[in-house]
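Each residue of the sequence shown is one higher than the one before, counting from 3 in my numbering.
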Amino acid sequence: MNPLNIPYEKYKLSNDLEVILFQNKNIPFTAFNIWYRVGSANEKKGKTGLAHLFEHMMFQGSKNVPKEMHFRYIQEAGGSLNASTSFDRTNYFEKLPSNDLELALWLESDRMGYFLDALDQVKLDNQKSVVINERLERYDNQPYGLAWEKLISNLYSEGHPYSWPTIGFYDDIESYTLEDVQSFFKQYYSPSNATIVIAGNFEINKVKLLIEKYFDEIKNNITPIQINAQSAQLNETKFLQYEDKVNLERIYIAWHTQNAFGPDDAALDILSDLLTGSKNARLTRKLVYELEIAQDVNSMQYSGKYGGHFMIVATAKPGKSLDEIKKIIFDEVSILTDNNITIQELQRSKNIIRSNFIYSLQNIDTVADMLNLYNFYLGNPDSFNFDLNRYNNVDENFLKQVVKRYLLNNYVELRIVPEKSDVN
Numbered sequence: 003m004n005p006l007n008i009p010y011e012k013y014k015l016s017n018d019l020e021v022i023l024f025q026n027k028n029i030p031f032t033a034f035n036i037w038y039r040v041g042s043a044n045e046k047k048g049k050t051g052l053a054h055l056f057e058h059m060m061f062q063g064s065k066n067v068p069k070e071m072h073f074r075y076i077q078e079a080g081g082s083l084n085a086s087t088s089f090d091r092t093n094y095f096e097k098l099p100s101n102d103l104e105l106a107l108w109l110e111s112d113r114m115g116y117f118l119d120a121l122d123q124v125k126l127d128n129q130k131s132v133v134i135n136e137r138l139e140r141y142d143n144q145p146y147g148l149a150w151e152k153l154i155s156n157l158y159s160e161g162h163p164y165s166w167p168t169i170g171f172y173d174d175i176e177s178y179t180l181e182d183v184q185s186f187f188k189q190y191y192s193p194s195n196a197t198i199v200i201a202g203n204f205e206i207n208k209v210k211l212l213i214e215k216y217f218d219e220i221k222n223n224i225t226p227i228q229i230n231a232q233s234a235q236l237n238e239t240k241f242l243q244y245e246d247k248v249n250l251e252r253i254y255i256a257w258h259t260q261n262a263f264g265p266d267d268a269a270l271d272i273l274s275d276l277l278t279g280s281k282n283a284r285l286t287r288k289l290v291y292e293l294e295i296a297q298d299v300n301s302m303q304y305s306g307k308y309g310g311h312f313m314i315v316a317t318a319k320p321g322k323s324l325d326e327i328k329k330i331i332f333d334e335v336s337i338l339t340d341n342n343i344t345i346q347e348l349q350r351s352k353n354i355i356r357s358n359f360i361y362s363l364q365n366i367d368t369v370a371d372m373l374n375l376y377n378f379y380l381g382n383p384d385s386f387n388f389d390l391n392r393y394n395n396v397d398e399n400f401l402k403q404v405v406k407r408y409l410l411n412n413y414v415e416l417r418i419v420p421e422k423s424d425v426n
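Spelled out as C-alpha cells, the structure:
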C-alpha cells in the first residue's frame, strides 16, 4: 500500500460526534484514537492545568468501569494505551488486536458519557497529588526544568492561551475543586467536541454499528467556550537570567513565528534541521565540533492553533561563554540571509524529513493520530501528501526570506546559570 494513500471515510453521529475510519487489512491490529478539542489554551488564569489533570482523571473509572481497570482491561487483551495533552487538544488512544476493538469502544464511550457518575473527592485529591508530584519531579526539581515555563510566559503576552505551561501552576493545581472538574468536563467532554479515528483491520459496516451502539446516545453538555486569542507579538527583545541547580550554563533564544500549517511553517522545520539536525548541521558543526564551546545545541519550530515560535537552545561547555555562543548563533542566522544556503544541504534536510515522515506511517497508531491532527488543523484528514509537499516546495530563496521574516525580529533570550555558592 502507498504509505501516503490513506482512503478514509468521515461522518457524524446524531449527537455530532465526528468519526473517521481508515481500513487496512494488511495488519493484525486496530488503533482507536480520540481527540477532544480542549487543551491548556482553553483554561483561564487561576485554573491552569485542568486539561492535563483530565489526562489522569479519565483513567480513574466511570459508571461501569472501576478505577484503574481501563488500563487492566486493555493490557490483558494484549493492547497498549496512553494519553497526552497539548496547548490545543487532549488525546486518548489504544492499539489492540483487531478482534478486541469493541473493548476500546465500550471503555471510551463509558468515560465520555458517564465519567461524572464515578467522580468523587477522594479520586480528585489522589490525582491532584499525582500531578503535583509530576510537576515537582519533571519541572521544579529538574535541572533547567522551569526554563520552558519562564520562556513562554515572556514570549507570549499575559492572558495569551500559550503563556502558561500545560501541566499548570503549582498553586492552581492545589486549588482545584470538585466543582471545577465537573464544570470543565461538562464544558469540553461532549460528543460534539470530539473526533474519533479508527484505523486498522476491521469490517467497516460492523464497526459503524458498534460506534452507533456505544456513542450515539451520549448527550452533549454545554457548548464549549471559544477562545479569542490576540495575535502573538513581541514589542521588544527581552533578556532574562535565572540561577538553577545546574552545572553548565544554557541559553535559550525564541522568536515568534507562525501557526500550524501556515505558509512558512514547513520552511521553519527545514531551518531547524539545517541548523541542528545532524553533526554536520551548521550550528552543531560550528559550536560543538569546530569551536568546541557548546556541549550541545538544538532547535525547534513549534506551531499551534493560536501561535508559533522558533527556538534555539545551547548548553555551554565548562568555562565557555554564553556570549560567544550567542554571537555564533546570530552570525549563522545572518549568513543564512545572504544567499548562503546550498541546494545540497537543503535537499538533505528535505530527504531526512521525508524519510522520517514515511517511516512513522508504518505504525497504525501514528496514522490514526495524524488523521486526527490533519482533521483538527486543516479540516481534511487525508492531508499526508499536502503535508509532505509543503517541504518539497521550499527553495533556497524562500528559506532565506523566512529567516529574514522571523529571526531578525525581537526575541526572548533566557539564560540559566549555576547557583552562586553561599560559601565566602
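From the three backbone atoms N, C-alpha and C, an ideal C-beta is built for every residue, glycine too.
Just so it is clear, the structure is predicted and the values come from calculations on it, not from any experiment.
What did DSSP end up calling residue i once you bin it into helix, strand or coil?
| i | result |
| --- | --- |
| R39 | coil |
| G115 | helix |
| R392 | helix |
| W166 | coil |
| S362 | helix |
| E294 | coil |
| T197 | strand |
| Y172 | helix |
| E136 | helix |
| I445 | Here the chain has residues from 3 to 426 only, and residue 445 is not among them. |
| N232 | The question names Asn, but residue 232 is Gln in the sequence shown. Coil at Q232, not helix or strand. |
| L19 | coil |
| S159 | coil |
| K352 | helix |
| Q144 | coil |
| S64 | strand |
| K288 | helix |
| Y304 | strand |
| K240 | strand |
| S131 | helix |
| D384 | coil |
| F263 | coil |
| F217 | helix |
| N44 | helix |
| D102 | helix |
| K125 | helix |
| I345 | helix |
Quick one: is the Cβ of residue i within less than 8 Å of any heavy atom of the ligand FMN?
| i | result |
| --- | --- |
| S362 | Looking at this structure, you won't find the ligand FMN or any other ligand, since it has none at all. |
Counting C-beta neighbours from all protein chains within 10 Å, is the total for residue i 16 or more, i.e. buried, or is it exposed?
| i | result |
| --- | --- |
| R417 | buried |
| K69 | exposed |
| S165 | buried |
| E238 | exposed |
| T344 | exposed |
| L348 | buried |
| N195 | buried |
| N93 | buried |
| I227 | exposed |
| G310 | buried |
| N44 | buried |
| D119 | exposed |
| T225 | exposed |
| S385 | buried |
| R434 | For the chain, the structure presents residues 3 to 426; residue 434 sits outside this window and is missing. |
| D90 | buried |
Run through the DSSP bridge pairs and tell me what residue i is partnered with.
| i | result |
| --- | --- |
| D246 | P420 |
| N84 | F95 |
| V299 | A316 |
| A256 | M313, V414 |
| V209 | For V209, which the question treats as bridged, DSSP gives no partner whatsoever. |
| A33 | K97, A201 |
| N25 | Reading off the sequence shown, one finds Gln at residue 25, where the question assumed Asn. Looking at the DSSP assignment, Q25 forms a beta bridge with G202. |
Quick one: give me the first and last residue of the alpha helix (DSSP H) that residue i is part of.
| i | result |
| --- | --- |
| N374 | 366 to 380 |
| I327 | 324 to 338 |
| E181 | 180 to 190 |
| K402 | 398 to 408 |
| E251 | From DSSP, E251 is part of no alpha helix (DSSP H); its letter is neither H nor E. |
| Y1 | Here the chain covers residues 3 to 426 and nothing more, so residue 1 does not appear. |
| L276 | 267 to 278 |
| A53 | 52 to 59 |
Following the continuous beta strand (DSSP E) through residue i, name the residue where it begins and the one where it ends.
| i | result |
| --- | --- |
| E11 | 11 to 14 |
State whether the stretch 278 to 297 contacts the stretch 320 to 328, with contact taken as three or more CB pairs (one from each stretch) at a distance under 8 Å.
-> yes
At least three beta-carbon pairs within less than 8 Å, the stretch 214 to 228 to the stretch 387 to 398 | The stretch 214 to 228 is not in contact with the stretch 387 to 398.
If you pair each beta-carbon of the stretch 194 to 208 with each one of the stretch 22 to 38, do three or more pairs fall below 8 Å?
-> yes
contact_flag[the stretch 161 to 180, the stretch 339 to 355] where n(CB pairs < 8 Å) is 3 or more = In this structure the stretch 161 to 180 does not lie against the stretch 339 to 355, because fewer than three pairs of beta carbons, one per stretch, are closer than 8 Å.
Are the stretch 224 to 242 and the stretch 128 to 148 in contact at 8 Å, needing three or more beta carbon pairs?
-> no
Cβ contact check for the stretch 407 to 416 and the stretch 256 to 264: 3 or more pairs under 8 Å = yes
Decide if the stretch 371 to 379 is in contact with the stretch 33 to 42; the criterion is three or more beta carbon pairs, one per stretch, under 8 Å apart.
-> yes
Quick one: any contact between the stretch 171 to 186 and the stretch 43 to 62, if contact means 3 or more CB pairs under 8 Å?
-> yes
Would you check if there are 3 or more beta carbon pairs closer than 8 Å linking the stretch 61 to 76 to the stretch 108 to 116?
-> yes
Counting pairs of Cβ atoms below 8 Å between the stretch 263 to 273 and the stretch 69 to 82, do you hit three or more?
-> Short answer: they don't touch.
Can you find at least 3 beta carbon pairs, one from the stretch 100 to 110 and one from the stretch 311 to 320, that sit closer than 8 Å?
-> no
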